[in-house]
Amino acid sequence: MTKKIGTKILGTGSFFPDKILTNADLEKIVDTSDEWITTRTGIKERRISQEHTPTSELAYQASVQALKSANISAAEIDLIVVATITPDMMCPSTACFLQNKFGIKTKPVFDLAAACSGFVYGIAVAKAFIASGIYKKILLVGAEELSKITDWTDRNTCVLFGDGAGAMVLSASEEQEEGILSISLGADASYWDLLYLPAGGTVNPASERTVKEKLHTIKMHGKEVFKVAVVKMAQVAEEALILSGKSLDDIKLIIPHQANMRIIEAVAKKIGLPMERVFVNIHKTGNISSATTITALDEAIKCGKLQKGDIAELVAFGGGFTWGAAVIRI
Ligand code: ACO
């Protein structure tokens, strides 16, 4: 019988633009307050990229960090996958622009669109490619510039989002008990119109009308998103845990998608995990969609909350709706 190939995590990295937009700054733009934003979301500030800095640049900076921590060169990577809903262009993929920055000319690259679940979906893709023996080393990135698809006159959404990128290097391993232990994914597209970006695709190609009506920015029914997010995140976290054969006691830290502090607290309560074992950095980042779980994981490792051998669980939820969880050993 052929031996199963495991997937280990060689390194992680993250990158945020320098510009900080605080709640006080937002008070000057829309009718809101630090008190409202903090109590409803837990967000205090978010990072905003420069006008002419594309998503691929954030992806590149995070990838450089991840490769450094993995102690390998970009040339050793067999495949690059970028999870994003804010690509540099509709075509080519942001992964192409990232490849170009590294000057690698022959390796396959593609983008993956699963909104805020994008990075967890990407882990599943990476694990499948590695387990099948097709590729040995994969660079997986979650990178977003949500500030560029935000309606800065809409207080319902503009206080929530930010920019940033995180990256992970995954590699084939003979060991089954390290790296990616289990994954569970799901989606229910009947909810698509609760969180979407109406224009720029084939339904509403860019036109004078789409620009005038601000259809190139995120539309969201926050209350409804909130309710489904709590249920699905708790459910998928439990599913992945069962698949891993581990118990909640084995999990050192849960790293949830950072969309709203109240969602995170409700999910933790539902699965019976104390908040001390839930990693939160939403106050500094806001919601950066596919980049939240990986940047939070990177921070948890860097600040020593996760150490070699520890088991963590990433749990995500996003537009679509999509959701997913991955149990990993650092
Ligand atoms: N400042 C002040 N008041 C505001 C603001 C604001 N920024 N935004 C909304 N309000 C007002 C509303 O107009 C409303 O006023 P009204 O009662 O006079 O009509 C009031 O505050 C309450 O609004 P609600 O929508 O009921 O507020 P809620 O408690 O639901 O919080 C929020 C809104 C923060 C958006 C919440 O629903 C939420 O976080 N939902 C989930 C959103 C989310 O996570 N999206 C992303 C997930 S997927 C992904 O990451 C892409």
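Numbering (my numbering), first residue to last: 1 to 330. C-beta atoms are modelled at their ideal positions from N, C-alpha and C, and glycine is treated no differently.
Counting only the same chain and skipping the five closest in sequence on each side, list residues whose C-beta sits under 7 Å from that of residue i.
i	result
Trp192	Gly320
Val30	Thr153, Arg155, Cys158
Ala70	Leu10, Gly11, Val169
Ala296	Ile255, Gln258, Phe279, Asn281
Gly245	none
Leu21	Glu45, Arg46, Ile48
Ala238	Per the sequence shown, the amino acid found at residue 238 is Glu instead of Ala. Result list for Glu238: Ile271, in chain order.
Leu306	Lys252, Leu253, Ala300, Ala312, Ile330
Ala229	Ala259, Ile263, Phe317
Using 8 Å for Cβ pairs, my map puts residue i next to residue j. What's the rounded Cβ distance?
i	j	result
Ser290	Ala115	7 Å
Leu26	Cys158	7 Å
Leu140	Ala126	5 Å
Ile251	Ile311	6 Å
Gly13	Ala66	3 Å
Ala95	Val109	4 Å
Arg47	Pro17	5 Å
Ile301	Phe119	The Cβ separation is near 15 Å, so there is no contact.
Asp78	Lys107	6 Å
Gly42	Met275	Going by Cβ atoms, the distance from Gly42 to Met275 rounds to 11 Å, so no, they are not a contact pair.
For a test of the three-state rule: what should DSSP assign to residue i, helix, strand or coil?
i	result
Ala259	coil
Asp151	coil
Val278	strand
Glu144	strand
Glu174	coil
Leu197	coil
Gly309	coil
Gly118	helix
Met233	helix
Lys101	helix
Val225	helix
Asn287	strand
Leu297	helix
Ile123	helix
Leu253	strand
Lys302	helix
Since residue i sits in a beta bridge, which residues does DSSP pair it with?
i	result
Leu112	Ala83
Arg47	Ile20
Trp323	Gly186, Phe317
Ile328	Ile180, Ala312
Phe129	Phe129 pairs with nothing; no bridge assigned.
Gly166	Ser14, Gly142
Thr202	Note: Thr202 sits in no beta bridge, so no partner.
Gly6	Ser173
Lys137	Ser171
Met220	Leu195
Can you check which of these residues, the options, is closest to residue i by C-alpha distance?
i	options	result
Leu215	His221, Ala206, Gly222, Lys223	Ala206
Gly286	Ser56, Ile29, Arg40	Arg40
Ala259	Asp250, Ile271, Asn281	Asn281
Glu178	Ile328, Phe16, Ile294	Ile328
Leu197	Ala113, Met275, Leu273, Ser56	Ala113
Gly201	Ala165, Lys19, Cys91, Ala124	Cys91
Ile101	Leu273, Leu58, Asp18	Reading off the sequence, residue 101 comes out as Lys, not Ile. Checking every option, the nearest Cα to that of Lys101 belongs to Leu58.
Glu51	Ser33, Asp163, Gly103	Asp163
Ser132	Gly304, Lys4, Cys303	Lys4
Thr32	Gln65, Val81, Leu160	Leu160
Ile288	Val64, Ile77, Ile85	Ile85
Ile149	Ile104, Val211, Ile180	Val211
Lys68	Gly309, Asp298, Gly304, Gly42	Asp298
Pro54	Asp34, Thr7, Glu144, Glu35	Glu144
Leu243	Ala199, Ala189, Leu181	Leu181
Ser93	Tyr60, Ser56, Ala75	Ser56
Thr217	Lys227, Lys223, Asn204	Asn204
Excluding the five sequence neighbours on either side, which residues of its own chain have a C-beta within less than 6 Å of the C-beta of residue i, listed in chain order?
i	result
Trp323	Ser117, Gly186, Lys232, Val236, Phe317
Met220	Thr157, Leu195
Gly122	Val81, Ala83, Leu112, Leu140
Ala172	Ile5, Ile130, Lys136
Ala234	Val267, Lys270, Ile271
Glu334	Outside the shown range of the chain (1 to 330) lies residue 334, about which nothing can therefore be said.
Ala167	Gly13, Ala62, Ser63, Ala66, Val141
Thr7	Lys127, Ile130, Leu170, Gly179, Ile180
Arg277	Leu253
Lys331	Past the edges of the chain, shown from 1 to 330, lies residue 331, and the structure says nothing about it.
Go through its chain and collect everything with a Cβ distance to residue i's Cβ below 8 Å, but skip five positions before and after it.
i	result
Ala124	Ile183, Leu185, Gly324, Ala326
Ser73	Leu67
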